[in-house]
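Here's the structure we're looking at; comments come further down.
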Amino acid sequence: MVVEKRLRLGGITILVIMLLTTIVPFQMMSWLRSTQEEITKVQESSHTLENLLSLMKDVETGQRGFIITGKEAFLEPYYAAQSQIADAKAELSALSRNSGQQLQAHERIRKLVDLRVEEATNNIELRRADGFAAAEPAVTRATGKAYMDELRQLIGQELEFNQQHIQLLVKELGQRNRIATNTELIVTLVNFVLLSLVFIFMFRLLRERQATATQLQKTGEERALGMTALEHRNQEISTISQMAQALDSTQSVKETFEVIALYCAKLLPQTSGTLYLFRNSRDLLEMEAQWGTSTCSRQTIEPAQCWGLRRGQPHHTSNTQDLCCAHYDISADAKRHFCIPLSARGEVLGLMYIESPPSTQEEADRLEMLAIAVSEQISLAVANARLREVLRQQSIIDPLTGLYNRRYLDETLKRELARAVRHNKPIALIELDIDHFKKVNDTYGHDAGDLVLSLVSSELKAGIRESDLACRFGGEELVVILPECNREAALERAEKLRQAISRLDILHNGQHIGNVTASFGVAAYPEHGSEPEHLFRCADQALYSAKRNGRNRVEVAG
522 MVVEKRLRLG
532 GITILVIMLL
542 TTIVPFQMMS
552 WLRSTQEEIT
562 KVQESSHTLE
572 NLLSLMKDVE
582 TGQRGFIITG
592 KEAFLEPYYA
602 AQSQIADAKA
612 ELSALSRNSG
622 QQLQAHERIR
632 KLVDLRVEEA
642 TNNIELRRAD
652 GFAAAEPAVT
662 RATGKAYMDE
672 LRQLIGQELE
682 FNQQHIQLLV
692 KELGQRNRIA
702 TNTELIVTLV
712 NFVLLSLVFI
722 FMFRLLRERQ
732 ATATQLQKTG
742 EERALGMTAL
752 EHRNQEISTI
762 SQMAQALDST
772 QSVKETFEVI
782 ALYCAKLLPQ
792 TSGTLYLFRN
802 SRDLLEMEAQ
812 WGTSTCSRQT
822 IEPAQCWGLR
832 RGQPHHTSNT
842 QDLCCAHYDI
852 SADAKRHFCI
862 PLSARGEVLG
872 LMYIESPPST
882 QEEADRLEML
892 AIAVSEQISL
902 AVANARLREV
912 LRQQSIIDPL
922 TGLYNRRYLD
932 ETLKRELARA
942 VRHNKPIALI
952 ELDIDHFKKV
962 NDTYGHDAGD
972 LVLSLVSSEL
982 KAGIRESDLA
992 CRFGGEELVV
1002 ILPECNREAA
1012 LERAEKLRQA
1022 ISRLDILHNG
1032 QHIGNVTASF
1042 GVAAYPEHGS
1052 EPEHLFRCAD
1062 QALYSAKRNG
1072 RNRVEVAG
């Protein structure tokens, strides 16, 4: 009786301790999740700030176009942006942290947005009512520019602060992950010791209480299985956290898909899968990433072929009696098939398709829950990667001509010239200037000048190699970088471009502008120097020589 009493008391004590230790990993999971949610909130704040700045640029673009031309069509970006600014401001308010300095900055940003929109609205109404001459003084006072400069500065500071905050949170997440791992080990060891004690007591009463001992052993085994499952779950959470960190550090959409395929193979072992994303036209989904050895994955699928996309929720099939999708053949195997839509910020981005070997319903449910958790991280990462790509393109592309801008030109020429010097390869630079461009602007208006620039740029892009780079240097002056191209080949290419441009016959608003011509200057490495400044100077001199000698000609630097 004394032994039984001690066993009972000891067993109760052990179970209480085990239950308490079971709570610890869940607390660690909550701890890690809170940090990850904070990272996500800061990322959403950065996205909202960038979106707000983009909308203000649209307001500025619409105002400028309307004041210059007086055409209502140029106000489309202004109205489109104005309809979204209130939501963007509301999102910014909702994402503001309880920081006095940030609250002040966000309040100032919203105030500047209101001031700039009000100023743009007043200028537009003035232009609409009294014409360009009345609106011009209001624009030249540069009040709107001052608002935009301060807005860019404030948003830039906030984005830099958010980036630093994310870095700190990522570091903190790593530290918390290590603590969680160590805690998990300690909990496992404690439970192992406790289970050992349980078995010791069980064997002491084996002869007298065989039934009780058997039950205790079963309880211990179930507890061990539970701890194993919990350890496995903690490992999954840790791997998902690592994937989120890796996805946040990718620098291109292609790299994002490579990371996704790598971590899906780790998180979903014994499965095969494919990641599909919608085309811009939304009529087809294309394969972007794949893992495992799927036998049913196709390069493209239609939205109507997938019940998961049609229903807008995860869809699971295991036999021909289920509601099967048309993009795989379930009769060809006994596998389970999962279709999980990928969505972020209210938009369906694509589909994650998974095949798994035959399994119990419990295992299938657990796999589906894990796949949904992984898909949420993937959806956010893909949306962020696309946004970064759009912002990058906006930062390096001239919107009027579609050519690369001056900033990207400087970076690329320096890099390509260094590569040419390192590998002893030639490189050429073509500089061209549209002849009598000011006369076109003065005679036919700036819209006509913009049209000329756009058409000349199109001829330029069509007339160069894929490896060449066409840029807008400034005004009507354009530049082409030709890697691995010597002076003679560059001279020939410039002549073909000159001929193509001279064949342009442009009509604007029913008016015949006439043939457009351009003057060209050519410089090359190694003949004209090994620094960007040398090539620009020589190409400039050649261009001026072409202008002096009658225009519509190609000159090579001496």
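Residue 1079, in this note's numbering, is where the sequence shown stops; the numbers in between run on with no holes.
The beta-carbon is built from N, C-alpha and C at its ideal position, and this holds for glycine as well.
In this structure, the straight-line span from the alpha carbon of Y849 to that of T881 is close to 21 Å.
With fewer than 16 neighbouring CB atoms inside 10 Å of its own CB, S551 falls in the exposed class. In chain order, L974, S975, S978, R993 place their CB closer than 7 Å to the CB of T922, counting only its own chain and leaving out the 5 sequence neighbours on each side. Taken atom to atom, the span from the alpha-carbon of K856 to that of S877 is near 6 Å. E1076: member of the beta strand (DSSP E) spanning 1075 to 1077, first to last residue. The straight-line gap separating the alpha-carbon atoms of L805 and L616 is approximately 35 Å. Remark: C-beta atoms of R1019 and A1039 approach each other more closely than 8 Å. A straight-line Cα-Cα distance of about 11 Å links E612 and N572. Distances from the alpha-carbon of I687 to those of A1060, E558, N1070, S1066 put E558 closest. For I899, the closest of D886, Q625, T964, L872 by C-alpha to C-alpha distance is L872. Boundaries of the beta strand (DSSP E) around D1026: 1026 to 1029. The Cβ atoms of I630 and I676 lie closer than 8 Å to each other. Residue pairing by DSSP places N1036 opposite D1026 in a beta bridge. Looking at the backbone, the Cα of L901 and that of L636 are separated by about 33 Å. A residue is called buried when at least 16 other Cβ atoms come within 10 angstroms of its Cβ; M669 meets this threshold and is buried. Closest by C-alpha distance to Q842, out of I851, Q834, P835, is I851. Of the other Cβ atoms in all chains shown, fewer than 16 fall within 10 Å of the Cβ of S770; this residue is therefore exposed. The beta carbon of E1016 sits closer than 6 Å to those of V1075, all from its chain and outside the five residues before and after it, given in chain order.
For A594, no beta strand (DSSP E) segment is defined, and its DSSP state is neither H nor E. The shortest CA-to-CA distance from F778 to any of A991, S896, R744 is the one to S896. For the pair of segments examined, the stretch 680 to 695 was found not to touch the stretch 580 to 597: the number of CB pairs separated by less than 8 Å stays below three. Here DSSP, grouped into helix, strand and coil, assigns L999 to strand. Under the three-state reduction of DSSP, L574 is assigned to helix. Annotation for C785: no beta strand (DSSP E) segment contains it, though the alpha helix (DSSP H) segment containing it runs 774 to 788. Note on geometry: alpha-carbon atoms of G1035 and L796 lie some 52 Å from one another.
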